[in-house]
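Okay, so here's the structure we're looking at.
Number of protein chains: 2
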Amino acid sequence: MKARVHISLKNGVLDPQGKAISNSLHGLGFESVLDVRQGKTIELDLTDMSKETAETEIDKMCQQLLANTVIENYSIELID
Amino acid sequence: MKARVHISLKNGVLDPQGKAISNSLHGLGFESVLDVRQGKTIELDLTDMSKETAETEIDKMCQQLLANTVIENYSIELID
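The structure is reproduced here in structure tokens:
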């Protein structure tokens, strides 16, 4: 079972990495850039299980480790 | 115009961050985890332009800054 977790900063949370990327892009002449936000994608390769079990298991992983739920949102995408 | 760039390590490239996450998940009792790979998602907010122009512009951004094309793959997703 493969799954992907998308983790992004909540709206309103300052994103220094995104800001740094935005400044660098402007420095390279990309004036069309208005804003940049950086997030994480975590690809999980798990033993076979039902989709429901996988969803529950991965949610626990996010709550306990993968995401900082104070400042981050996460979404779970089951691949196969 | 909003777009998202998905950046992931090429197959075969060692992923120490993924390995660390995998070990931590095992430490928390998540035995179902076989492998973990971590990637980046960069959300871009750009001035209005055609999809073709955006695709070309973002590809240049990836080549010049956003992705290390020696060890990383990237894909561009235009949102609206």
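Chains as they are written, first to last, in full-length UniProt numbering: chain Z, 1 to 80; chain E, 1 to 80. We put the CB at the ideal spot given by N, CA and C, even for glycine.
Between the Cα of residue 40 of chain E and those of E:74, E:26, E:22, E:48, spot the shortest distance and give me the residue it belongs to.
Here residue 40 of chain E corresponds to residue number 40 of the second sequence, with the count starting at 1. The shortest Cα separation from residue 40 of chain E among E:74, E:26, E:22, E:48 belongs to E:74.
Output yes if chain Z places a C-beta closer than 9 Å to the C-beta of residue 60 of chain E; else output no.
For this step, residue 60 of chain E is matched to residue 60 along the second sequence. Judged by the 9 Å Cβ criterion, residue 60 of chain E is in contact with chain Z.
Residues of the region 31-47 of chain Z with a CB closer than 7 Å to any CB of chain E: list them in chain order, please.
32, 33, 34, 35, 36, 37, 38, 39, 40, 41, 42, 43, 44, 45, 46, 47
So which residues on chain E does residue 28 of chain Z lean against when the C-beta distance must stay under 7 Å?
As a working mapping, residue 28 of chain Z is identified with position 28 in the first sequence. Within 7 Å Cβ-Cβ: 64, 65.
According to DSSP, what are the bridge partners of residue 3 of chain Z?
On the first sequence, residue 3 of chain Z is found 3 positions in, with the first residue counted as 1. DSSP output for residue 3 of chain Z lists Z:44, Z:78 as bridge partner(s).
Going by other Cβ atoms of all chains shown within 10 Å of its Cβ, with 16 needed for buried, is residue 49 of chain E buried or exposed?
Counting from one through the second sequence, the residue named residue 49 of chain E turns up at place 49. Residue 49 of chain E is exposed by the Cβ-count criterion.
So, residue 18 of chain Z versus residue 42 of chain E, is the Cβ gap smaller than 9 Å?
Taking the first sequence and counting its residues from 1, one reaches residue 18 of chain Z at position 18. Taking the second sequence and counting its residues from 1, one reaches residue 42 of chain E at position 42. Yes; because the gap between Cβ atoms is below 9 Å, this pair is in contact.
Over what stretch of residues does the alpha helix (DSSP H) that includes residue 23 of chain E continue unbroken?
For the purposes of this step, residue 23 of chain E is identified with residue 23 of the second sequence, where counting begins at 1. From DSSP, the alpha helix (DSSP H) with residue 23 of chain E extends over 16-27.
Could you tell me the boundaries of the alpha helix (DSSP H) in which residue 54 of chain Z lies?
Working through the first sequence from its first residue, we reach residue 54 of chain Z at position 54. From DSSP, the alpha helix (DSSP H) with residue 54 of chain Z extends over 51-61.
Which residues in chain Z have a C-beta closer than 9 Å to the C-beta of residue 25 of chain E? List them in chain order.
Position 25 of the second sequence, counted from the first residue, corresponds to residue 25 of chain E. Near residue 25 of chain E (Cβ distances below 9 Å), the residues of chain Z are 44, 61, 64, 65, 66.
Got a sec: is the Cβ-Cβ distance from residue 50 of chain Z to anything in chain E below 9 Å?
By one-based count along the first sequence, residue 50 of chain Z stands at place 50. Output row for residue 50 of chain Z: interface = no.
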